[in-house]
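Protein chains in written order, with our numbering: chain B, -15 to 266; chain X, 211 to 469.
Don't be surprised by glycine CBs; every beta carbon is placed ideally from N, CA and C.
In what follows, a structure is listed as structure tokens, so that the remarks can point back to it.
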Amino acid sequence: MGDYILETQNLVFEYPDGTKALDDVSIKIKKGHKVAVLGSNGAGKSTLFLNFNGIFRPKQGVVRFKGEVVRYNHRSLCALRQKVGVVFQDPETQLFSSSVFQEVSFGPMNLNLHKDEVIRRVNKALVQTGVEELKGRPTHFLSHGQKKRVSISDILAMEPEVIIFDEPTDCLDPKHTLQIFELFEQLNQEGTTIIFSTHDVDLAYAWADEIIVMQNGRVIGCGNPIEVFSDNVLLEQTELLTPMVMDIFSELKLSGFLDENNEIPRSKDKLLEIIRNKRKSN
Amino acid sequence: MITIDRYAYCNRLKQTNPMEKFIFSLLTSGVCLVMNSMTVSVVVVIMMGCISVLYARIPTKFYIKLLSLPLIFLIISVLTIIITNVAGHKDVLFSMDIFYLQLGITSSSIRYGMSLLLKALGVVSCQYFLSLTTSINDIISVLKRLRMPVLILELMSLIYRFIFVLMKIANEIYVSQDSRMGYARLKRRFISMGQLISVLFVRTFKRSKDLYMAMESRGYNGELRVLEEEYPVSVKNYILIACVELLLILLGSLYGGML
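Here it is as structure tokens:
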């Protein structure tokens, strides 16, 4: 029980207009895991994330943080939001201040920290996302990718235990995507649990410890990447593509180039290594 | 408007303590108003112009253009002061009978008009100095220290941020309409503009709701608490400001009203 940092149990959420955005969602997220949430647009990923953070209040069911049921009173919500941070998909909605420095300081200031500590955290977060040189610039001078990175610093500065990223690589170029994922890896090494939604199956496959697949507000599959992407019924139902590495690997196996006893590789580099080793042994 | 904002972030006085700039601008315009002297007004216009252009490195052309904007209004309003009913005046320079009125210009009305024009220009140049060298954020932080109500300041900073967000959305909608011939004919133009405004209005509501959500998720509870940027306090600057103001007052009392 103590292993799970975030859990939902039979979570049902309805928007005021009656749309059922989440339907009987029960998931458990292990502390220190990297979790990818996959699903088409409108599957309920963002709604789920806002339930994790206590912004949305479920109609039925409960959210648990570290085994404790989230209560929707002021104190409990403050404690939850301190530990669970959400980076929104569109940075434009998240950035409220016209000064980058003030923007990032908003979260830590709300935690009632000492001024020096706030400054330390803001500077650290800006360095981590590689935007420290933008500190003195107004928000409206930044490009979309820069805004995205500032919005990530916003949450990093609060030093939460769980960070939720709604499509973190949206609008980032390959170089910055790589940088952001290196940062995620580093945060994860330090013990932060990371939850992110994405449409990039290759990325989810290579990087996540666990994958949750959603459709129409329901969780229809979850497990480790190899399990999830080997489940043909599930993939057909959700119209998810298989990761390229997996496709090539199984094709090579079918054609007899590789033996059955090879472990399924998770990344392109790993696959290339297997192929090179095979060539050498031939 | 937007260019002023741009210069406010990249001028050579950006790193100077905003409180010093604020006090300098406010005191100088105060002296300019109170001294009621053309000499002081002219000195203030020249001084502020020199500081803005030579020291803060605002391009001369832009500064002159900026200063000429209020000049048109000023000249029109000063004209109505210069031209008065001159019946019974001795120092009439030029007059004209219109029905029963004797409209004209007197040397004292010219002097009064000029002094008003220069005084207004002096104060405008002080305001330009402040707005060209100090960003809105810095001005807000100064006002906060001067105990302005927090609610007003928070509104100011949110409005300021959202001017740019809305401008961006409006521009995107405009481009998307324009690329589909939305502005090709006059009738379409009106329809498209109407749609743009109504869509912008709806978007604003959605934006504010989303923003509130995003702020709430970062622990917002009714007060926008952010860290103010700190600037070094320069005693030298304060002394310099005091000297300049004293000199202006001295100048005003020596050559009061004369030019």
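Next on the checklist: Against Ala424/X, what residues of chain B qualify as contacts under a CB-to-CB distance less than 7 Å, listed in chain order?
Outcome noted: Phe72, Thr77 and Gln78
Checklist entry - How about the segment 45 to 64 of chain B and the segment 116 to 128 of chain B: do they share at least three Cβ pairs that are nearer than 8 Å? => result no
Checklist entry - When the cut-off is 8 Å and only beta carbons count, does Asp307/X lie next to chain B? => result no
Item to check | Cβ-based contacts, 8 Å cut-off: residues of the segment 380 to 398 of chain X near chain B | outcome: none
Item to check | Residues bridged to Gly205/B (per DSSP) | outcome: Val197/B
Checklist entry - So what does DSSP say about Phe234/X, is it helix, strand or coil? => result helix
Next on the checklist: Is it buried or exposed, Arg260/B, if we count other Cβ atoms within 10 angstroms and call 16 or more buried?
Outcome noted: exposed
Next on the checklist: Looking at the secondary structure, which residues open and close the beta strand (DSSP E) in which Gln44/B lies?
Outcome noted: Gln44 to Phe49
Next on the checklist: For the structure I just gave you, are there three or more beta carbon pairs, one from the segment 109 to 120 of chain B and one from the segment 391 to 409 of chain X, closer than 8 Å?
Outcome noted: no
Next on the checklist: Let me confirm a value: Asp150/B is counted as buried when at least 16 other C-beta atoms fall within 10 Å, else exposed. Which label applies?
Outcome noted: buried
Checklist entry - Relative to chain X, which residues along the segment -10 to 24 of chain B have a C-beta separation below 9 Å, given in chain order? => result none
Checklist entry - Which partner residues does Lys4/B have in the DSSP bridge list? => result Glu(-2)/B
Next on the checklist: Within 8 Å of any Cβ in chain X, is that where the Cβ of Asn107/B sits?
Outcome noted: no
Checklist entry - When burial is assigned at 16 or more other CB atoms within 10 Å of the CB, is Leu469/X buried or exposed? => result Confidence in Leu469/X is poor, its pLDDT being 46 and thus under 50, which makes the residue's placement too unreliable to answer from.
Item to check | Met(-15)/B versus Gln(-7)/B: straight-line alpha-carbon distance, rounded | outcome: Note that Met(-15)/B scores a pLDDT of 46, beneath 50, so its modelled location is shaky; the value from the coordinates is reported in the next line. Each residue's Cα considered, the two are about 13 Å apart.
Next on the checklist: I need the boundaries of the alpha helix (DSSP H) containing Thr316/X, first residue and last residue.
Outcome noted: Unbroken run through Thr316/X is the beta strand (DSSP E), Leu311 to Thr316; no alpha helix (DSSP H).
Checklist entry - When DSSP builds the beta bridges, which residues end up paired with Pro122/B? => result Ser83/B
Checklist entry - Mind listing which residues of the segment 426 to 459 of chain X have their C-beta closer than 8 Å to chain C's C-betas, in chain order? => result Within the model displayed, chain C is absent; protein chains B and X are what it includes.
Checklist entry - Straight-line CA distance for Pro0/B to Ser235/X? => result 52 Å
Next on the checklist: I'd like to know if Met(-15)/B contacts chain X, where contact means its C-beta is closer than 8 Å to some C-beta of that chain.
Outcome noted: Per-residue confidence for Met(-15)/B stands at a pLDDT of 46, beneath the threshold of 50, marking its modelled position as unreliable; the derived number appears in the next sentence. It does not; no Cβ of chain X falls within 8 Å.
Checklist entry - To which residues does DSSP link Asp307/X through a beta bridge? => result Gln312/X
Next on the checklist: Could you compute how far the alpha carbon of Ile179/B sits from the alpha carbon of Ile349/X?
Outcome noted: 39 Å
Item to check | Continuous alpha helix (DSSP H) assignments of at least 4 residues falling wholly in the segment 333 to 360 of chain X | outcome: 346 to 355
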